[in-house]
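Colleague:
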Ligand code: LR7
Ligand code: MN
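Residue numbers (the numbering used here): 4 to 544.
#1: Quick check: is any heavy atom of the ligand LR7 less than 7 Å from the C-beta of residue 172?
#2: Determine the DSSP secondary structure at residue 153, reduced to helix, strand or coil.
#3: To the nearest angstrom, report how far apart residue 123 and residue 262 are at their CA atoms.
#4: Residue 254 and residue 101 look like a contact to me (Cβ under 8 Å); what is the Cβ gap, rounded to whole Å?
#5: Hey, is the segment 226-239 in contact with the segment 268-282, meaning 3+ C-beta pairs nearer than 8 Å?
#6: Are residue 166 and residue 135 closer than 8 Å when you measure CB to CB?
#7: In its own chain, which residues sit with a C-beta less than 8 Å from the C-beta of residue 104, not counting the 5 before and 5 after it?
#8: Just how far apart, CA to CA, sit residue 439 and residue 277?
#9: What did DSSP end up calling residue 210 once you bin it into helix, strand or coil?
#10: Taking residue 388 and residue 380 to be in contact with their CB atoms under 8 Å, please state how far apart those CB atoms are, rounded to whole angstroms.
#11: So, at 6 Å on beta carbons, what are the nonlocal neighbours of residue 199 in its own chain, with the 5 sequence-adjacent residues on each side left out?
#12: Nearest-angstrom Cα distance between residue 353 and residue 461?
#13: Is residue 301 helix, strand or coil when you go by DSSP?
#14: If you run the structure through DSSP and keep just helix, strand and coil, what is residue 255?
#15: Any beta carbon from chain B within less than 8 Å of residue 344's own beta carbon?
#16: For residue 523, which beta-bridge partners are listed by DSSP?
#17: Assuming residue 1 contacts residue 350 under a Cβ cut-off of 8 Å, what Cβ separation, rounded to an integer in Å, is found between them?
#18: Can you round the beta-carbon distance between residue 111 and residue 150 to whole angstroms, since I take them to be within the 8 Å contact cut?
#19: Name the residue from 317, 318 and 330 whose alpha carbon lies nearest to the alpha carbon of residue 303.
#20: For the ligand MN, list every residue whose C-beta falls under 6 Å from any of its heavy atoms, going in chain order.
#21: By the three-class DSSP mapping on this structure, what secondary structure does residue 140 have?
#22: Confirm the yes/no value for this check: CB of residue 499, any heavy atom of the ligand LR7, distance under 7 Å.
#23: Closest to residue 296 by C-alpha separation, out of 282, 305, 370 and 307, would be which residue?
#24: Just mark residue 206 as buried or exposed, buried being the case when its beta carbon has 16 or more other beta carbons within 10 Å.
#25: Could you check what DSSP says for residue 227 in three-state terms: helix, strand or coil?
#26: Exposed or buried, what is residue 212 when buried is set at 16 or more other beta-carbons lying within 10 Å of its beta-carbon?
#27: State the Cα-Cα distance for the pair residue 75 and residue 188, rounded to the nearest angstrom.
#28: Secondary structure at residue 348, three-state DSSP: helix, strand or coil?
#29: In angstroms, rounded to a whole number, what distance separates the CA positions of residue 446 and residue 99?
#30: Please name the residue, chosen from 532, 463, 174 and 403, that lies closest to residue 449 on a Cα-to-Cα basis.
#31: Is the separation between the beta-carbon of residue 196 and that of residue 177 shorter than 8 Å?
#32: How would you label residue 327, buried or exposed, when you count the other beta carbons within 10 angstroms and need 16 or more for buried?
#33: Give the DSSP-derived three-state secondary structure of residue 319 in the structure shown.
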């Protein structure tokens with residue numbers, strides 16, 4: 004027994020020694036020492052007047068002493084300890100990430116420099132303009148919010164950070180924000196009601212004093228030299244809107260993981276954002292891994308943009324609520340109205356990616372997303388919006404408010420058509436085949452079909468070699484149900500309108516009814532609960 008224990012202790016000791024050596028060796032690799040040295044060079048007195056060859060200054064420092072200087076009268080321990088998870092509480096409940104792990108890390112930590120090693124020897128202008136950093140949040144965890152702020156202060160050249168503007172989007176506890184304002188450079192603006200991230204960011208931008216705006220989510224950690232590459236690109240051309248590579252912070256254990264450097268932003272026709280591989284031709288042409296990556300859209304939360312350009316282009320569509328869609332609207336607008344979007348591989352920012360929203364949507368998550376994306380589609384997508392509606396049939400008929408101002412903005416800015424965007428910015432996005440998006444109206448096991456100049460119910464047939472021209476769809480290409488019924492059934496100006504599951508004839512107010520399964524269709528007083536008046540779209544392929 005005793006021998007076993009002695010052996011175990013010996014093994015553990017050897018493992019510990021090996022581990023220590025490995026750790027020291029890791030720290031001496033060019034990449035990691037560059038990380039330590041460059042953030043040291045930013046926080047210690049490298050005046051920004053020098054040609055900043057970041058990452059090569061071999062200064063060693065104690066990581067923990069610097070933030071004390073940066074924090075002013077702010078009491079970090081007190082801030083964090085006043086709000087900790089109660090024993091027995093679900094650590095995922097309030098934030099959709101493991102807040103216990105986040106709290107354990109505290110207000111700051113070292114993270115790996117995840118850039119390509121060649122980024123460390125990049126040089127930037129000695130004189131770069133400063134930026135206002137805008138962080139909007141609603142009930143963010145204190146530890147993630149503080150790490151976001153502190154990481155900015157620790158890993159940015161002080162002269163580049165004009166201010167950090169926190170917009171508290173009506174969180175339950177006003178002190179989450181107010182206490183942070185004791186940190187030098189940090190300002191706190193609190194909304195008197197929940198506005199959502201779009202209007203909150205506009206409020207932040209309007210309050211900003213620097214000539215460049217930098218937006219961040221409230222659960223980020225910026226990495227070594229994140230800011231210089233982005234400000235440099237925007238300084239060279241104010242119409243560029245740039246974002247970093249967004250690294251992944253694990254929502255379970257808060258590990259900081261490097262994201263692939265070969266990705267750009269894309270979407271499908273339902274306006275669902277996705278990361279996608281850079282097209283192969285572009286990948287082959289990339290000889291320099293530090294080069295910017297052109298991207299059709301940005302993820303939305305983390306980017307740098309010239310303030311005058313942001314304002315000139317119409318900020319954001321402030322009729323969009325809570326969350327979602329604003330990244331498409333901004334991306335289309337930037338490209339179509341004379342700017343460009345790029346991802347800078349030498350800038351890295353970590354973000355906690357979540358699987359659900361930890362906050363409520365006053366009008367419901369789905370409706371809000373539809374409203375926001377529908378606004379983006381209606382204002383910017385021209386005839387291509389039909390593919391959006393085909394991919395998201397439920398968007399039809401949903402309220403989205405007035406778009407007059409945004410349409411006028413587009414006109415005033417003389418923006419290019421969406422076709423131009425499709426051809427020049429995102430040719431990889433395939434336009435769906437007409438057939439693939441066709442759906443027919445179904446009732447029970449039968450489908451609506453045209454019989455000469457009347458309508459009837461028939462067997463549902465898929466679209467194969469013989470396309471059933473006679474089957475009548477809810478959406479077929481860009482034709483709506485109303486248009487189809489008008490053309491098949493009754494001469495214009497008769498119009499039909501879907502109302503829940505029934506189809507109402509607008510002039511008479513009566514509803515389409517199959518009455519007898521195989522007989523011709525008629526119109527009858529609307530009775531939504533009756534099966535013979537109930538229609539649903541069915542996608543056929
Ligand atoms: O009502 C709200 N008010 C807010 O202030 C709702 C949210 N917010 C804040 C919130 O606290 C957070 O700081 O807004 C920020 C974004 O909300 P998240 O973190 O819940 O959003 P997300 O990270 O899931 O969403 C991405 O897409 C959004 C679409 O509206 C925004 O553009 C987010 O900024 C964006 N995040 C990123 O781009 C980071 C990378 C993730 C990806 C992909
Ligand atoms: Mn986020």
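Glycine is no exception: its CB is placed at the ideal position from the N, C-alpha and C atoms.
Modeller: On the basis of the supplied data:
#1: yes
#2: helix
#3: 18 Å
#4: 6 Å
#5: Because the criterion of three Cβ pairs below 8 Å is not met, the segment 226-239 and the segment 268-282 do not touch.
#6: Cβ distance < 8 Å, so residue 166 and residue 135 count as in contact.
#7: Setting aside the 5 residues that flank it on each side, residue 104 is surrounded in the same chain by 94, 255, 256 and 257, each with a C-beta closer than 8 Å to its C-beta; the list follows chain order.
#8: Any reading at residue 439 must be qualified, since the residue scores a pLDDT of 40, below 50, and its modelled position is unreliable; the value itself is stated next. The alpha-carbon atoms of residue 439 and residue 277 are separated by roughly 21 Å.
#9: helix
#10: 4 Å
#11: If you ignore the 5 residues before and after residue 199, its C-beta comes within less than 6 Å of the C-beta of 324 and 325, all in its own chain and listed in chain order.
#12: 56 Å
#13: coil
#14: coil
#15: In summary, chain B is missing from the structure at hand, where a single protein chain is found.
#16: 459
#17: Residue coverage of the chain in this structure runs from 4 to 544, which leaves residue 1 outside it and unanswerable.
#18: 6 Å
#19: The shortest Cα separation from residue 303 among 317, 318 and 330 belongs to 330.
#20: 220, 222, 304 and 354
#21: Strand.
#22: no
#23: 282
#24: buried
#25: coil
#26: exposed
#27: 10 Å
#28: Strand at residue 348.
#29: If I take the Cα positions, the gap works out to 41 Å.
#30: 463
#31: One thing to note: residue 196 has its Cβ no nearer than 8 Å to the Cβ of residue 177.
#32: buried
#33: coil
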